[in-house]
Amino acid sequence: MLSLQEIIDKICGQTGLDNAAVQSKIEDKKAELSGLISSEGAAHLVARDLNVDILTRVSHKLEVKNIVPGMRNTETVARIYRIFPVREFERNGAKGRVANVVLWDPTGTIRMSLWNDEIKILENLKEGDVVKILGYSKEDNRGEPELRLGSRGKIEKADIEFPSIADTAIETKPANIGELREGATTKIRGAIVQLFESDPFYEICPQCGIRVRANDNKFFCDEHQYVTPDYSMVLSGVIDDGTMSMRVVFFRDTAEKLIGMGVKQALEIARNRMNRTAPITDRAPGILGKEMVFGGRVKRNSMFDRLEFIVSEISDVNAVEEAEKILASFKLS
Ligand SMILES: [Zn+2]
């Protein structure tokens, strides 16, 4: 994996610029993208602007972009981009398990599915690891190639130099709500079309931050016993991206970010007005209908048996648009 300094060295070596000049180009690039990308990501973009090839040291077998359905013996070196939770299913009365893994190399991404006993291998692997995979390819139910291990297949950690997943190039593309599946971590570009006016406050343990239980007007944390609680907020509503709408939930700091005030200020407003939903009522007009990019995770709400989007980050559309444009051109290379 190339460090920031290694990328800078390559840029210096191929352009004749000195270290300081390259560093300042990287800082400019970060500023241009509103700090949305890492220094390393910015360095990749600067390298591309200057036509510097920094990815040539990779020793590939079969590049991801060249994998098509129906290949018998594939040997691929890739970085694990994402490991999805194991899913259980029943087919013809037999129980089975499947886990999906997304692999990345500089040419693209591909899904690999692991079945039943094959899943054990994931105990020794994590996102970000570079692995060598011996397997075969198959067409998945969407007509895309997917990698499988099969009885002769294998995955092992590869201790070689390999490019890092340059910034968030893959993640910046938002998904359509209509296509979201349970467990997906993704981004949605859309607008909050409804914000529910229900009590946003709940008590948390001041030491561990976990929600506490009320017990005879006292508050109890499993670990810290009876505590004087702090407060946190949860907000929920409906998000719409033009394809569909979906329940959306904001906890803690994302709830604070959404309504543009901290929990202390919100509590004060609620107390002064003797109305716990007053902060939501106040801020809703500025939130409803405004297009934003929401990062988060699709979760099943088992009580209502529906999918919900749990937001973990909120970003401004303009900054994201700018980054998308540049990263799209980067991906074409
Ligand atoms: Zn606690």
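Using our numbering, read the sequence shown as starting at 1139 and increasing by one per residue. Ideal placement from N, C-alpha and C gives every residue a C-beta, glycine not left out. It should be emphasised that the depicted structure is a prediction, and the values quoted were computed from it without experimental measurement.
Any chance the region 1420-1428 sits against the region 1313-1325, with 3 or more Cβ pairs inside 8 Å?
no
Identify which residue in G1154, E1170, L1260 and E1320 has its Cα closest to the Cα of S1440.
Looking up residue 1440 in the sequence shown gives position 302. That would be E1320, whose Cα lies nearest to the Cα of S1440.
Tell me the DSSP bridge mates of C1343?
Reading the sequence shown from its first residue, position 205 is the one you call residue 1343. DSSP output for C1343 lists no bridge partner at all.
Between E1341 and ligand 2, is there a pair consisting of the residue's CB and a ligand heavy atom that are separated by less than 7 Å?
Only ligand 1 can be found as ligands here, which leaves ligand 2 out of the picture.
Any chance you could list the beta strand (DSSP E) runs of at least 3 consecutive residues sitting entirely within the region 1267-1316, in chain order?
1268-1277, 1283-1286 and 1292-1295
Residue environment, F1442, which counts as buried when at least 16 other CB atoms sit within 10 Å:
Taking the first residue of the sequence shown as position 1, residue 1442 is located at position 304. Exposed.
How about D1114 and R1327: do their beta carbons lie closer than 8 Å?
Nothing can be reported for residue 1114: it is not among the residues displayed for the chain, which extend from 1139 to 1471.
Bridge partners for T1324 per DSSP, in chain order?
As a first step, residue 1324 must be located in the sequence shown, where it is residue number 186. For T1324, which the question treats as bridged, DSSP gives the partners G1434.
Considering only DSSP beta bridges, list what I1248 is partnered with.
As a position in the sequence shown, residue 1248 is number 110, starting the count at 1. In the DSSP output, where bridge partners are listed per residue, I1248 has L1241.
By the DSSP assignment, the alpha helix (DSSP H) with D1391 in it spans what residues?
Walking along the sequence shown from the start, residue 1391 turns up at place 253. Unbroken alpha helix (DSSP H) run through D1391: R1390 to I1397.
Taking the beta carbon of P1301 as the centre, do at least 16 other beta carbons fall within 10 Å, making it buried, or is it exposed?
Residue numbering aside, residue 1301 sits at position 163 when the sequence shown is read from its first letter. Buried is the call here.
Between the C-alpha atoms of I1164 and I1149, what's the straight-line distance to the nearest angstrom?
Mapped onto the sequence shown, residue 1164 falls at position 26. Mapped onto the sequence shown, residue 1149 falls at position 11. The alpha-carbon atoms of I1164 and I1149 are separated by roughly 11 Å.
In whole angstroms, what is the alpha-carbon distance linking F1339 and S1177?
On the sequence shown, residue 1339 is found 201 positions in, with the first residue counted as 1. On the sequence shown, residue 1177 is found 39 positions in, with the first residue counted as 1. F1339 and S1177: Cα-Cα distance of roughly 38 Å.
Sorry if obvious, but does the Cβ on H1182 come closer than 7 Å to a heavy atom of ligand 1?
Residue mapping note: residue 1182 aligns to position 44 of the sequence shown, counting from 1. No.
Say the cut is 7 Å; is the CB of C1150 nearer than that to a heavy atom of ligand 1?
The count along the sequence shown starts at 1 and reaches residue 1150 at position 12. Answer for C1150: no, Cβ out of range of ligand 1.
Return the chain-ordered ranges of every beta strand (DSSP E) run that is complete within the region 1156-1222 and spans a minimum of 3 residues.
1212-1221
Anyone know if the C-beta pair for L1085 and G1273 falls short of 8 Å?
The chain is shown only over 1139 to 1471; residue 1085 falls outside these bounds and no answer can be derived.
M1382 burial status per 10 Å Cβ neighbour count (16 or more: buried):
Position 244 of the sequence shown, counting from 1, holds the residue named residue 1382. That one is exposed.
For L1200, the nearest candidate out of N1355, K1437, W1242 and M1430 (CA to CA)
Position 62 of the sequence shown, counted from the start, is the residue given in the question as residue 1200. Considering only alpha carbons, the answer is W1242.
Residue span of the beta strand (DSSP E) that contains L1260, given as start and end:
Position 122 of the sequence shown, counting from 1, holds the residue named residue 1260. Segment: none, L1260 is in no beta strand (DSSP E) and carries neither H nor E.
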